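Structure first, then comments.
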Amino acid sequence: MSQTTSARPAGPPVPAGQQPAAQHVPDESFLEPVPSRVLLVGSFVLAVAYVAMICFAFQRGNALLFWLLVVTEVFHLAQLAGYCHTVWGRDRARPFAAGFAGGVDVFITVCGEPVEVVRETALAALAMRYPGPVRIALLNDGLVAKKADWRDVEVLAAELGIECFTRTTPGGAKAGNINHALRRTENPFVVVFDADHVPHDDFLLHVMGYFTDERLGFVQTPQYYKNFDENRVTRTSWQQQTLFFGPIMSGKSRLDSAFLCGTNMAIRRTALEQVGGMCEENIAEDFLTSLFLHEKGWRSVYVPKVLAQGLAPDDFLNYYKQQFRWTRGSLEVIFKYNPLLRRGLSFSQKVQYLTSASYYLSGAVVLAGALLPIIFLLTGQTPIVTSTMVLALVFVPYLWLNLAVLQRTSNASYSFQAIAFSLSAWWLQLSALTAVLLQRKTSFVVTSKAVGAGGQPNFLRLVVPQLVYIGVALTALAVGLAREGTSASLMANAAWLSVHVAISLPFIAAAAPRRAQPAAGGADDAVLDLRERDLRDQPTAVRPTAGPTATAPALAGEETR
């Protein structure tokens, strides 16, 4: 089931009449982080002072609530420390050979994407310039995934004169697809693109020269969403990406901890073979494979330049599935492959992997913080007893300095909506954590109607927990008002409650249906099933931000924490 061609240098004429489409000119300002060590140190010092005040300066209230508060604040402090460690400085200069010409196998992973999307990526791959031999292949998983158009991918490969490896035996999802192709190719370097990530013609020229370092295992480049301005979901997905592929990945590269992100990446074959290929045991295969490569002493480089352009998840369901996939995969790294116990990793690498993976424990922490004002309004119980003004004197500067750090290090590309989406994903993260701890497969179904271009089905069922929280919050507010009127304690808790509600609103709005003209042929009932096998085949997800997003305390005036 494969079309065979010989290895050849990149840059030959593309088939007549099939030139690659003109590329969107990206805004690369997010790739120019401006870390301020004064801001970083100030933010961390205020965070330590705030946690110390919580622990030692105030009278304790309810013991259970007090220790819950301490745990959440220590978690935030650890995440902030990890973020400061990451973005402290820019990456160092690396060896680069402009005339490098090692042979390259280019893999374009396909699993049911529209053929025209695959065609655009394949044509762009054919147009890449490079002095060495290049072999391009479509990695077709359509047959094993039971996609109706899987044969069209083989036809496209034959038409373009490139190879097509169609798997007949399933297993390992995307990682298994790549490993299947590795066994059928032999060039010393492998470049991987998702079906919708279209490379620039100079991709190889900017990437391959780093492999002059014989201990370099892989090179990662940014993911850029050319459809970022299409709707609320695409915009927010992109804004979250800017923090990760801007200051975070640049900082990780400085610490030799940049990791594979599923697409737009180049890997040394011998390095990949040493760790048994792409890891097929985890749904975040690229993250775990990176850990294994670093554990074996291979180095990594992140190139902060847009060299390929892809598509963001264009509706809330796809975004949700992407987030769940990375959440579960990252949490499995903590509980099954804890970086602190991996002997081959440096201390910095252990910290970086643990910080990135533990970011997804934020769901439990965010929910705990969101429940504290509700508990006060319903019961009058508080973690600590202090004046709102005293607590605010430390907390408010700490919060604003956190936001200033985010804006400075992301070059002002990280928005309120991006923060809101990250903090509102607490139920998704708790669901993934539960699935990991119980070692169970994840399966849930959302029933909706198909819609036309520009529309979105009703995905509000995915945000029921957030809607329930708002309902409980309003009930608690009524109970609190009835018990003590408009006291300072009640007003402080009501204010913080409103912050949590406001943060959840963009997330809820993104799940709401959008009107559009019905698709040709009418709207059909569709069942959207988020089973683990589906999650493993999703496009590369939005990465963990692991930023210093401090969630404020449940403020409660004179009788509060």
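All residue numbers for the sequence shown refer to numbering that gives the first Met the number 0, where the first residue is 0 and numbers rise by one. Glycine is no exception: its CB is placed at the ideal position from the N, C-alpha and C atoms. Source: prediction; values computed, not measured.
Original post:
Just to confirm, are S409 and T241 a CB contact at a threshold of 9 Å?
Top reply: yes
Original post:
If you follow the alpha helix (DSSP H) that I266 is part of, which residue opens it and which one closes it?
Top reply: Where I266 is concerned, there is no enclosing alpha helix (DSSP H), although the beta strand (DSSP E) around it starts and stops at M264 to R267.
Original post:
Roughly how many whole angstroms lie between the Cα atoms of P246 and R324?
Top reply: Rounded to whole angstroms, P246 to R324 spans 23 Å at the Cα level.
**OP:** Evaluate V467 with the Cβ neighbour count: other Cβ atoms within 10 Å of its Cβ, from every protein chain shown; 16 or more gives buried, anything less gives exposed.
**Re:** exposed
Original post:
Going by the beta-carbon positions, is the gap between Q321 and L254 smaller than 9 Å?
Top reply: L254 sits away from Q321, with the two beta carbons spaced by 9 Å or more.
**OP:** Report yes if the C-beta distance between F505 and T235 is below 9 Å; otherwise report no.
**Re:** Sequence inspection shows Pro at residue 505; the Phe mentioned does not correspond to that position. The answer is yes: Cβ separation under 9 Å.
**OP:** Could you tell me the boundaries of the alpha helix (DSSP H) in which V393 lies?
**Re:** Element bounds for V393: T387 to T408.
Subject >> Through-space distance from M248 to D524, alpha-carbon basis >> reply: The pLDDT assigned to D524 is 38, lower than 50, so where the model puts this residue is not dependable, and the model offers no usable value.
Subject >> Y223 versus V197 - alpha carbon distance >> reply: The straight-line gap from Cα to Cα measures roughly 10 Å.
Subject >> DSSP state of V105 mapped onto helix, strand, coil >> reply: strand
**OP:** Would you kindly check if the distance between the Cβ of P382 and the Cβ of L366 is under 9 Å?
**Re:** In this structure, P382 does not lie closer than 9 Å to L366 by Cβ.
Subject >> Buried or exposed (CB count within 10 angstroms, at least 16 for buried), P32 >> reply: buried
**OP:** Note the first and the last residue of the continuous beta strand (DSSP E) segment covering G216.
**Re:** L215 to Q219
Subject >> Where the beta strand (DSSP E) containing I135 begins and where it ends >> reply: P132 to N139
**OP:** Determine the DSSP secondary structure at R231, reduced to helix, strand or coil.
**Re:** helix
Subject >> Classification of V154 by the beta-carbon crowding that lies within 10 angstroms, buried from 16 upward >> reply: exposed
Subject >> Residue nearest to F95 in terms of C-alpha spacing, selected from G296, F43, D313 and V218 >> reply: V218
Original post:
Whose C-alpha, out of R298, A419 and P303, is nearest the C-alpha of V498?
Top reply: A419
Original post:
Excluding the five sequence neighbours on either side, which residues of its own chain have a C-beta within less than 8 Å of the C-beta of V332, listed in chain order?
Top reply: The answer, listed in chain order, is N281, A283, F286, L287, L290, P338, Y352 and A356.
Subject >> Pick from L316, L45 and V190 that is closest to G261, judged by C-alpha positions >> reply: V190
Subject >> Validate contact between the segment 396 to 410 and the segment 28 to 48 using beta carbons, cut 8 Å, 3 pairs >> reply: Cβ pair count under 8 Å is three or more, so yes.
Original post:
Shortest alpha-carbon distance to L142 belongs to which of G470, P169 and C54?
Top reply: P169
Subject >> Closest by C-alpha distance to F99, when choosing among I135, A80 and Y129 >> reply: Y129
**OP:** Would you please state the rounded distance, in angstroms, between the beta carbons of V114 and V152? I believe it to be under 8 Å.
**Re:** Indeed they touch by this definition, with Cβ atoms about 7 Å apart.
**OP:** Please classify Q438: does DSSP put it in a helix, a strand, or coil?
**Re:** coil
Original post:
Under a Cβ-count criterion, where at least 16 other Cβ atoms within 10 Å of its own Cβ denotes burial, should S345 be classed as buried or exposed?
Top reply: Only exposed fits S345, as fewer than 16 other CB atoms lie within 10 angstroms of its CB.
Original post:
Which same chain residues, not among the five before or five after L67, have their C-beta less than 6 Å away from its C-beta?
Top reply: Same-chain partners within the cutoff: A367.
**OP:** Given a cut-off of 9 Å, decide if L138 and T108 are closer than it, judged by their beta-carbon atoms.
**Re:** yes
Original post:
Residues bridged to E162 by DSSP?
Top reply: DSSP lists A136 as partners of E162.
**OP:** Could you check if L398 is buried or exposed, using at least 16 other CB atoms within 10 Å of its CB as the buried criterion?
**Re:** buried
Original post:
With 16 other CB atoms within 10 Å as the buried threshold, where does R166 fall?
Top reply: buried
Subject >> D193 - containing beta strand (DSSP E), residue span >> reply: F188 to D193
**OP:** Measure the alpha-carbon distance for A494 versus K440 and round it to whole angstroms.
**Re:** 39 Å
Original post:
Does the distance from the C-beta atom of E229 to that of D313 stay below 9 Å?
Top reply: Closer than 9 Å, so yes.
Subject >> Classification of D528 by the beta-carbon crowding that lies within 10 angstroms, buried from 16 upward >> reply: Confidence in D528 is poor, its pLDDT being 46 and thus under 50, which makes the residue's placement unreliable; the coordinate value appears in the next sentence. Under this definition D528 is an exposed residue.
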